[in-house]
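Written below as structure tokens is the structure these notes are about.
Right under this line is the structure:
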């Protein structure tokens, strides 16, 4: 592959993602989600996806669109409370779900991207996370068809820790505010929480960027993720509905609360 990693559009970028692929998807709530790439996947027939992401969007945006279309078979997530369809599919046995503590999920992605097969953490000790038995998939009548297994434990310095495995995926989809043609990426604010980690975990990482820079334009000190982790780059254009930024939960103050006239 040449140094210029740009491709024409999102449809071309996701064209080789097959049925049953595993995906690491960046974003935090609706902040920094690769909405154009998700939209491109929605327009394909790709199904049975195993997705690793902090959350699953909302019912009508982000990964929630793929979920509603029945394209996702398994989710590994930390927080799923904003998506009613997610709850319905999980409780009806249509969707397999592995819930992971947020910090553990972040480190599992980072470890996978760094080539670290596993690590020990105190998070989850003494709970079903460590002891097993969490429902991953429900069966008929609310029975548990698939449950989480117990995790290996070890004591260090008198404290018990769980062994957690690193995560790698076939593909990763991420969004950056700036990227150059070599795949170097810059993220903004909360979009930096999971996007770099998801990008590291993917064997093939596809980045959508709001501003495309030419090689040499980015100061190396600006770069949050080096291009070695990125294989494809697309630019999302202003005004493209698929690239819209949405607010997950908009709150406003009344004039009295804000002290306005």
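Numbering (this note's numbering), first residue to last: 324 to 584.
Don't be surprised by glycine CBs; every beta carbon is placed ideally from N, CA and C.
Check residue 553 in the structure and name its three-state DSSP category. Stepping through the chain shown from its first residue, residue 553 is reached at position 230. Residue 553: coil per DSSP, three-state reduction.
Can you give me the C-alpha to C-alpha distance between residue 611 and residue 441, rounded to a whole angstrom? No statement about residue 611 is possible, as the shown extent of the chain runs from 324 to 584 and does not include it.
8 Å contact criterion, which residue 499 and residue 518 should meet: CB distance rounded: For the purposes of this step, residue 499 is taken as the residue at position 176 of the chain shown. For the purposes of this step, residue 518 is taken as the residue at position 195 of the chain shown. With a beta-carbon spacing of about 7 Å, residue 499 and residue 518 fall inside the 8 Å limit used to define contacts.
Taking its Cβ as the centre, do 16 or more other Cβ atoms sit within 10 Å of residue 551, making it buried, or is it exposed? Counting from one through the chain shown, the residue named residue 551 turns up at place 228. Exposed is the call here.
Return the CA-CA distance between residue 618 and residue 429, expressed in angstroms with no decimal places. The structure shown does not extend to residue 618, since the chain is modelled only from 324 to 584, so the question has no answer here.
Whole angstroms is fine: what's the gap from residue 450's alpha carbon to residue 528's? One-based indexing of the chain shown puts residue 450 at position 127. One-based indexing of the chain shown puts residue 528 at position 205. Using only the alpha carbons, I get a separation of about 34 Å.
From the DSSP output, read off the bridge partner residues of residue 458. Taking the chain shown and counting its residues from 1, the one referred to as residue 458 is at position 135. Answer is 470.
Pull up the CB-CB distance for residue 490 and residue 548, whole angstroms please, since I reckon it's below 8 Å. Residue mapping note: residue 490 aligns to position 167 of the chain shown, counting from 1. Residue mapping note: residue 548 aligns to position 225 of the chain shown, counting from 1. Incorrect: roughly 17 Å between the Cβ atoms, too far for contact.
When the Cα of residue 463 is compared with those of 438, 416, 453, which residue comes out closest? Within the chain shown, numbered from 1, the residue matching residue 463 stands at position 140. Distances from the CA of residue 463 to each of 438, 416, 453 were compared; the closest alpha carbon is that of 416.
Considering only residues of the same chain and omitting the five flanking positions on each side of residue 391, which have a CB-CB separation below 6 Å? Position 68 of the chain shown, counting from 1, holds the residue named residue 391. Around residue 391, the same chain offers 408 as residues with beta carbons nearer than 6 Å, after the five sequence neighbours per side are excluded.
DSSP-derived helix/strand/coil call for residue 544: Looking up residue 544 in the chain shown gives position 221. In this structure, residue 544 counts as helix in the three-state DSSP scheme.
To the nearest angstrom, how far is it from the Cα of residue 540 to the Cα of residue 546? Here residue 540 refers to the residue found at position 217 when the chain shown is read from its first residue. Here residue 546 refers to the residue found at position 223 when the chain shown is read from its first residue. Distance between the alpha carbons of residue 540 and residue 546 is about 11 Å.
In the stretch 418 to 459, which residue ranges form an unbroken alpha helix (DSSP H) of at least 4 residues, counting only runs that do not cross its ends? Taken in chain order, the complete alpha helix (DSSP H) segments of 4 residues or longer contained in the stretch 418 to 459 are 425 to 437, 451 to 454.
How many angstroms separate the CA atom of residue 561 from the CA atom of residue 531? Translated into positions along the chain shown, residue 561 becomes position 238. Translated into positions along the chain shown, residue 531 becomes position 208. Cα atoms of residue 561 and residue 531: separation of roughly 12 Å, rounded to the nearest angstrom.
Quick check: the Cα distance between residue 457 and residue 525, rounded to an integer number of angstroms? What you label residue 457 is simply residue 134 of the chain shown in a count that begins at 1. What you label residue 525 is simply residue 202 of the chain shown in a count that begins at 1. So the alpha carbons of these two residues sit roughly 26 Å apart.
So, is residue 453 buried or exposed, given that buried needs 16 or more other C-beta atoms within 10 angstroms? Mapped onto the chain shown, residue 453 falls at position 130. Under this definition residue 453 is a buried residue.
Please report the residue range of the alpha helix (DSSP H) in which residue 336 lies. Here residue 336 corresponds to residue number 13 of the chain shown, with the count starting at 1. Residues 333 to 336.
Provide the residue(s) that pair with residue 534 in DSSP beta bridges, ordered along the chain. For the purposes of this step, residue 534 is identified with residue 211 of the chain shown, where counting begins at 1. Paired residue(s): 501.
Under 7 Å Cβ to Cβ from residue 342, same chain only, skipping five residues before and after it: list those, please. Your numbering for residue 342 matches position 19 in the chain shown. Setting aside the 5 residues that flank it on each side, residue 342 is surrounded in the same chain by 369, 370, 371, each with a C-beta closer than 7 Å to its C-beta; the list follows chain order.
Where do the ends of the beta strand (DSSP E) carrying residue 395 lie? Counting from one through the chain shown, the residue named residue 395 turns up at place 72. Here the beta strand (DSSP E) through residue 395 covers 395 to 400.
Use the C-beta contact count for residue 324: other C-beta atoms within 10 angstroms, 16 or more gives buried, fewer gives exposed. Indexing the chain shown from 1 puts residue 324 at position 1. The predicted model places residue 324 with a pLDDT of 45, which falls under 50 and marks its position as unreliable, so this point remains unresolved.
Cα separation between residue 649 and residue 461? No information on residue 649 is available, as it lies outside the stretch 324 to 584 that the chain covers here.
Apply the 10 Å Cβ neighbour rule to residue 515 and answer buried if 16 or more other Cβ atoms are within range, or exposed otherwise. Within the chain shown, residue 515 is the residue found at index 192, counting from 1. Label assigned to residue 515: buried.
Taking DSSP as the reference, what is the three-state secondary structure of residue 353? Along the chain shown, one-based indexing puts residue 353 at 30. Correct three-state label for residue 353: coil.
Among 412, 538, 575, 522, which one has its Cα closest to the Cα of residue 357? As a position in the chain shown, residue 357 is number 34, starting the count at 1. Minimum Cα-Cα distance from residue 357 among the listed residues 412, 538, 575, 522 corresponds to 522.
CB-CB under 6 Å to residue 333, same chain, minus the five flanking residues each way: which ones, in chain order? Against the chain shown, residue 333 aligns to sequence position 10. The residues are 359, 360, 363, 557.
Grab the span of the alpha helix (DSSP H) containing residue 415 for me, first residue to last. On the chain shown, residue 415 is found 92 positions in, with the first residue counted as 1. Segment 407 to 415, the alpha helix (DSSP H) holding residue 415.
Among 576, 563, 386, 538, whose alpha-carbon lies nearest the alpha-carbon of residue 505? On the chain shown, residue 505 is found 182 positions in, with the first residue counted as 1. Among 576, 563, 386, 538, the Cα nearest to that of residue 505 belongs to 538.
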